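Below is one structure, written out as structure tokens; comments come after it.
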Amino acid sequence: MGKIYSCAKQVFAWLGGQVQVGQGLALLQDIISLHENSEDVWKGMQLAAQLMVAEGSQKISYAFQEALAKYWRRAWITQEIALSHKVKLLAHDTEVDLSQVRQRSTLFSLRSQLTLPGGGILKVYDLWNLATHILSETTRPSRAQWRPRNLYRLLADFKYRDCLIPRDRVFSLVSMCQEGPRFKVDYQMHDFDLVQYICGVSLERLCICNALDIPTTLNLPGGPLEEHEADVPQREGLFLEVDVGCAEKQARTCATCTNCSIMINWPSMNSQSRYVCLDSMCRNVQGHLCWHGSYVGFYDPSTFGGVKYMGNHGVVSQDSDGSRCTLRLSLTFLQLLDFEREKKSECPSCSKSRTQDEEVVRFIRKVD
0 MGKIYSCAKQ
10 VFAWLGGQVQ
20 VGQGLALLQD
30 IISLHENSED
40 VWKGMQLAAQ
50 LMVAEGSQKI
60 SYAFQEALAK
70 YWRRAWITQE
80 IALSHKVKLL
90 AHDTEVDLSQ
100 VRQRSTLFSL
110 RSQLTLPGGG
120 ILKVYDLWNL
130 ATHILSETTR
140 PSRAQWRPRN
150 LYRLLADFKY
160 RDCLIPRDRV
170 FSLVSMCQEG
180 PRFKVDYQMH
190 DFDLVQYICG
200 VSLERLCICN
210 ALDIPTTLNL
220 PGGPLEEHEA
230 DVPQREGLFL
240 EVDVGCAEKQ
250 ARTCATCTNC
260 SIMINWPSMN
270 SQSRYVCLDS
280 MCRNVQGHLC
290 WHGSYVGFYD
300 PSTFGGVKYM
310 GNHGVVSQDS
320 DGSRCTLRLS
330 LTFLQLLDFE
340 REKKSECPSC
350 SKSRTQDEEV
360 VRFIRKVD
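Under numbering that gives the first Met the number 0, think of the first position of the sequence shown as 0, with each following residue one higher.
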């Protein structure tokens, strides 16, 4: 399918035959036209606001929003938009060129929304921001600037797409990823084997900041389930092993992290206790992993709750001098980690090309 869309001269995104959805597209086209024809961009925005009010835009905007959101939530639509040369939105008897929407995506960032009387500009924002925000999730502003991305990064962006079979969220991205030419689509593969296959085929290293994206994409236990999949039986056995460098022994009930200088208040800390600053492993994760014996916990000072313990995981191995350790973490435990929603910096671990002897994060199947 990826080859079909990349070779097609034009793709129509059908949003349905509902009249109000078509009216929403027509209003969008009118806003584009006003922007094109008005010498004063702000005057064009005022005219657009008046148009929205005159057309009774709330009902139209709602119908348009529902149709567009449902369309873009579908997993297989992603490649259709990202790979095609030209895309037109089509509803009822109206069509709009998607590139025109993208070109004017900053239209309403020029002035404050409070400078237009009567709240009319808010109605324009509702419709316009809907189009520009949702359409921005298609991963590129234009096909000319499109470049294949690593599969891990695509999964991070599209792991919540709608589909009947969870693994379609992965397979629908194959045509768009760098690993596409060597990725084998296999619907018969066991869930755990598919996780291992994704990690094996990826050109970049697995990191604690992207590890949870894979089981979440596949709806494996520990990841959030979609509402319509709430009755799916919980499968067991998938854990994450992490090789870490341990901090020095701590004989007090609290310690100051040598990496981030945050005070770790752990009442049960003793001479056998260890901790690792997650920021030292990945810039996109905050907090500390603390452990002694077979107990592992996550310390987040922002919660004022000290260390949180999770079951079915622990210390797998530890060097005699305590300098290095391998931890086994459940998927539920991973959800405690404070991942930044919008990464402010590129993760050095994620951007590195993977080699087998460098792997410090890996999925394993628990042996009961």
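Quick reminder that beta carbons are idealized off the backbone N, C-alpha and C, glycines included.
Computed from a predicted structure; not experimentally measured.
Considering only the alpha carbon of each residue, which of the options lies closest to residue i?
i	options	result
Leu219	Lys8, Tyr298, Arg364 and Tyr70	Arg364
Ala74	Cys162, Leu26, Gln22 and Thr93	Cys162
Glu390	Gln28, Ala155, Asn149 and Lys69	Residue coverage of the chain in this structure runs from 0 to 367, which leaves residue 390 outside it and unanswerable.
Leu288	Arg282, Phe332 and Ser322	Phe332
Thr325	Tyr298, Arg282, Arg273 and Cys281	Arg273
Arg168	Pro180, His291 and Tyr151	Tyr151
Leu26	Lys8, Gln9, Ala62 and Ala7	Ala62
Cys206	Arg282, Val184, Ser329 and Leu14	Arg282
Ser200	Ala90, Ser32 and Glu178	Note that residue 200 corresponds to Val in the displayed sequence, not to Ser. Minimum Cα distance to Val200 is reached at Glu178.
Leu24	Leu217, Val275 and Leu89	Leu89
Tyr369	Leu217, Ser174 and Cys198	Past the edges of the chain, shown from 0 to 367, lies residue 369, and the structure says nothing about it.
Ile164	Lys183, Ser322 and Asp190	Asp190
Ser329	Gly286, Leu237, Gln19 and Ile261	Leu237
Pro147	Asp156, Phe170, Arg166 and Ser174	Ser174
Arg72	Asp156, Gln19 and Ser32	Asp156
Gln271	Ile197, Ser322 and Ile261	Ser322
State the start and end residues of the unbroken beta strand (DSSP E) segment that holds residue i.
i	result
Ala254	Cys253 to Thr255
Cys259	Looking at the DSSP string, Cys259 is not in any beta strand (DSSP E), and its letter there is neither H nor E.
Val295	Tyr294 to Tyr298
Phe182	Counting along the chain, Phe182 falls outside any beta strand (DSSP E), and DSSP gives it neither H nor E.
Glu94	Thr93 to Asp96
Gly286	Segment: none, Gly286 is in no beta strand (DSSP E) and carries neither H nor E.
Glu240	Leu237 to Gly244
Arg361	Val360 to Arg364
Val173	From DSSP, Val173 is part of no beta strand (DSSP E); its letter is neither H nor E.
Cys281	Looking at the DSSP string, Cys281 is not in any beta strand (DSSP E), and its letter there is neither H nor E.
Leu219	First-last for Leu219: undefined, no H or E at that position.
Ala90	Val86 to Ala90
Arg273	Arg273 to Cys276
Decide if residue i is buried, meaning its Cβ has at least 16 other Cβ atoms within 10 Å, or exposed.
i	result
Lys158	buried
Ala12	buried
Ile80	buried
Arg327	buried
Val295	buried
Asp371	For residue 371 there is no data in the structure shown, the boundaries of the chain being 0 and 367.
Arg204	buried
Arg280	The residue you asked about is not Arg; residue 280 is Met in the sequence shown. So Met280 ends up on the buried side.
Pro180	exposed
Thr257	exposed
Thr255	exposed
Leu14	buried
Lys8	exposed
Arg166	buried
Val275	buried
Val243	buried
Inspect the beta-carbon positions of residue i and residue j and report whether they are closer than 8 Å.
i	j	result
Asp278	Cys259	yes
Gln17	Ala66	yes
Cys176	Val284	no
Gln334	Leu211	yes
Ser98	Val10	no
Val241	Val360	yes
Asp96	Gly21	no
Ala297	Val194	A quick correction: the sequence has Phe, not Ala, at residue 297. Against a cut-off of 8 Å, the Cβ pair of Val194 and Phe297 comes out as no contact.
Leu172	Ile213	no
Thr215	Arg160	no
Leu202	Asn149	yes
With hydrogens ignored, establish whether the beta-carbon of residue i is closer than 7 Å to any heavy atom of the ligand PLP.
i	result
Arg166	The ligand PLP is absent from the structure shown, which contains no ligands of any kind.
Got a sec, what are the start and stop residues for the alpha helix (DSSP H) residue i sits in?
i	result
Gly16	Neither: Gly16 is in no alpha helix (DSSP H) and is coded neither H nor E.
Arg168	Asp167 to Phe170
Arg152	Leu150 to Phe157
Leu82	Ile76 to Leu82
Cys369	The requested residue 369 is not part of the displayed model; the chain covers only 0 to 367.
Leu193	Asp190 to Val200
Pro214	Asp212 to Thr216
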